[in-house]
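In the numbering used here, the protein residues as written are 28 to 397.
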């Protein structure tokens with residue numbers, strides 16, 4: 028398998044490990060086509076590198092990145108928002124030691140500062156500047172994909188359609204980026220942009236909609252019809268549901284409801300009692316579905332990265348006890364949730380905080396770190 032993936036670099040990669048990594052088509056309906064990029068079922072998310080879940084020193088970033096790519100991961104995703112450039116900068120330092128042809132590098136634009144008054148800017152000028160800034164921080168000549176970060180916060184989707192997307196097309200025409208992507212929590216947002224955009228959208232990144240606690244992504248058949256009709260690749264992100272399925276306490280900033288958080292804590296308790304890893308079950312759940320091209324998951328240490336790799340290598344091959352617990356969590360703990368999503372919660376919080384900041388002149392609290 029390793030020899031058939033265009034990102035495999037002889038003498039750098041661990042061939043035996045790469046041979047165990049599942050690789051899939053970015054556009055599943057093009058599986059088997061010689062020109063279709065084949066991406067690792069497990070991708071590396073860069074939010075931990077921005078100290079989103081706790082401080083991560085540069086040496087840990089170096090170790091995680093080298094472990095991931097040598098082990099067969101070929102998709103890396105980051106954003107300025109993750110630590111206000113810290114994730115990109117640390118990742119850039121780590122990538123200096125890695126052959127550029129060994130990975131696909133994705134970043135994001137549109138979401139910037141913690142100060143709610145400066146958090147979002149989807150203008151064409153800022154978008155073009157963000158591309159150049161990301162290239163400098165990451166130390167590369169091009170990005171494989173630049174994604175619009177959470178366009179649901181834009182004052183209007185017209186701004187995305189008339190400014191952000193055309194600006195990214197300019198960057199693409201200039202050779203600075205190779206693909207244009209969109210991210211965002213509401214699935215309806217992706218449908219709307221796919222329907223209305225005159226600029227070719229190359230990828231959609233969905234997060235927290237295909238995990239143990241929320242499988243609503245595959246309920247949206249209209250979305251999958253649009254992806255195929257528009258020939259748009261896609262990626263899944265956050266199988267740990269932004270920390271809910273880490274096995275510990277959920278992050279204080281997490282926008283999920285008390286019902287969802289309680290269910291995740293119940294899942295963690297069951298896993299402890301059965302001596303199985305909740306994160307492993309969560310990551311396996313996403314990776315074992317061969318219709319999911321790639322699932323992005325972060326890692327703050329080499330040990331976590333290695334554990335995630337082992338889960339990818341053996342996706343769908345849990346022990347008997349692990350399989351029983353995974354099924355129990357899906358059918359008994361999470362299937363009864365009245366509303367697994369937190370759609371709209373953060374957007375409402377954002378507008379409240381923005382209004383308060385305008386009235387008081389103070390930035391106030393910030394939002395989650397997705």
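We put the beta carbon where it would ideally sit given N, CA and C, even for glycine.
Q) Since residue 352 is in the beta strand (DSSP E), which residue starts that stretch and which ends it? A) In the chain shown, residue 352 corresponds to position 325, counting from 1. The continuous stretches of beta strand (DSSP E) do not include residue 352, which lies in the alpha helix (DSSP H) extending over residues 347 to 355.
Q: May I ask you to list the residues that DSSP assigns as paired with residue 135?
A: Looking up residue 135 in the chain shown gives position 108. Looking at the DSSP assignment, residue 135 forms a beta bridge with 174.
Q) At what residues does the alpha helix (DSSP H) containing residue 92 begin and finish? A) If you number the chain shown from 1, residue 92 lands on position 65. Where residue 92 is concerned, the enclosing alpha helix (DSSP H) stretches over 85 to 97.
**Q.** Residue interval of the beta strand (DSSP E) (run including residue 231)
**A.** Counting from 1 along the chain shown, the entry for residue 231 is found at position 204. Residue 231 -> beta strand (DSSP E) spans 230 to 234.
(Q) Does the contact criterion of 3 or more C-beta pairs under 8 angstroms hold for the region 103 to 112 versus the region 74 to 90? (A) Short answer: they touch.
Q.
To the nearest angstrom, how far is the alpha carbon of residue 46 from that of residue 169?
A. Residue mapping note: residue 46 aligns to position 19 of the chain shown, counting from 1. Residue mapping note: residue 169 aligns to position 142 of the chain shown, counting from 1. Answer to the nearest angstrom: the Cα atoms are 28 angstroms apart.
Q. Are the beta-carbon atoms belonging to residue 192 and residue 228 less than 9 angstroms from one another?
A. For the purposes of this step, residue 192 is taken as the residue at position 165 of the chain shown. For the purposes of this step, residue 228 is taken as the residue at position 201 of the chain shown. Here residue 192 is near residue 228, since their CB atoms are less than 9 angstroms apart.
Q: Just the C-alpha distance for residue 281 and residue 352, rounded to the nearest angstrom, thanks.
A: The residue given as residue 281 occupies position 254 in the chain shown. The residue given as residue 352 occupies position 325 in the chain shown. Linking residue 281 to residue 352 through their CA atoms gives a straight-line distance of about 25 angstroms.
**Q.** Span separating the alpha-carbon of residue 154 from that of residue 299
**A.** As a position in the chain shown, residue 154 is number 127, starting the count at 1. As a position in the chain shown, residue 299 is number 272, starting the count at 1. Looking at the two C-alpha atoms, the distance is approximately 45 angstroms.
Q: Return the bridge partner residues of residue 103 from the DSSP annotation.
A: What you label residue 103 is simply residue 76 of the chain shown in a count that begins at 1. DSSP, once it has assigned bridges, lists 71 and 132 as partnering residue 103.
Q. In its own chain, which residues sit with a C-beta less than 6 angstroms from the C-beta of residue 230, not counting the 5 before and 5 after it?
A. The residue you call residue 230 lines up with position 203 of the chain shown. The residues are 172, 206, 208 and 260.
Q. Tell me, which residues are paired with residue 325 by DSSP?
A. Taking the first residue of the chain shown as 1, we reach residue 325 at position 298. Bridge partners of residue 325 according to DSSP: 72.
Q | For residue 251, the three-state DSSP class (helix, strand or coil) | A | As a working mapping, residue 251 is identified with position 224 in the chain shown. DSSP, reduced to helix, strand and coil, places residue 251 within a helical segment of the structure shown.
Q: Output yes if chain D places a C-beta closer than 9 angstroms to the C-beta of residue 79; else output no.
A: Going by chain labels, chain D is absent from the structure shown, which holds only one protein chain.
Q: Quick one: measure Cβ to Cβ for residue 132 and residue 167, integer angstroms, because I've assumed they're closer than 8 angstroms.
A: Taking the first residue of the chain shown as 1, we reach residue 132 at position 105. Taking the first residue of the chain shown as 1, we reach residue 167 at position 140. The beta-carbon separation of residue 132 and residue 167, rounded to 6 angstroms, stays under the 8 angstroms limit for a contact.
Q | Those residues which DSSP pairs with residue 261 across a bridge | A | Position 234 of the chain shown holds residue 261. Assignment of beta-bridge partners to residue 261 by DSSP yields 231.
Q: Can you have a look at residue 113 and say buried or exposed, based on whether 16 or more other CB atoms are within 10 angstroms of its CB?
A: Residue mapping note: residue 113 aligns to position 86 of the chain shown, counting from 1. If you draw a 10 Å sphere on the C-beta of residue 113, you find 16 or more other C-beta atoms in it, and that means buried.
Q: On the DSSP bridge assignment, give the partners of residue 241 in chain order.
A: Along the chain shown, one-based indexing puts residue 241 at 214. Bridge partners of residue 241: 238.
Q) Can you give the beta carbon distance from residue 202 to residue 164, rounded, assuming they're within the 8 angstroms contact cut? A) As a working note, residue 202 is residue 175 in the chain shown. As a working note, residue 164 is residue 137 in the chain shown. Incorrect: roughly 18 angstroms between the Cβ atoms, too far for contact.
Q | Minimum C-alpha distance to residue 194 - residue among 213, 179 and 224 | A | As a position in the chain shown, residue 194 is number 167, starting the count at 1. If we check each option's Cα against that of residue 194, 224 comes out closest.
Q: Measure from the alpha carbon of residue 269 to the alpha carbon of each residue in 291, 254, 161 and 252, then state which is nearest.
A: For this step, residue 269 is matched to residue 242 along the chain shown. The candidate whose alpha carbon is nearest that of residue 269 is 291.
Q) So is residue 176 buried or exposed if we call it buried at 16+ other beta carbons inside 10 Å? A) Counted from its first residue, the chain shown places residue 176 at position 149. Residue environment for residue 176: buried (at least 16 other C-beta atoms within 10 angstroms of its C-beta).
Q) Going by beta carbon distance, what residues of the same chain come within less than 6 angstroms of residue 288, once the five residues before and after it are set aside? A) Locating residue 288 in the chain shown gives position 261, counting from the first residue. Within the same chain, residue 288 has close Cβ partners 277.
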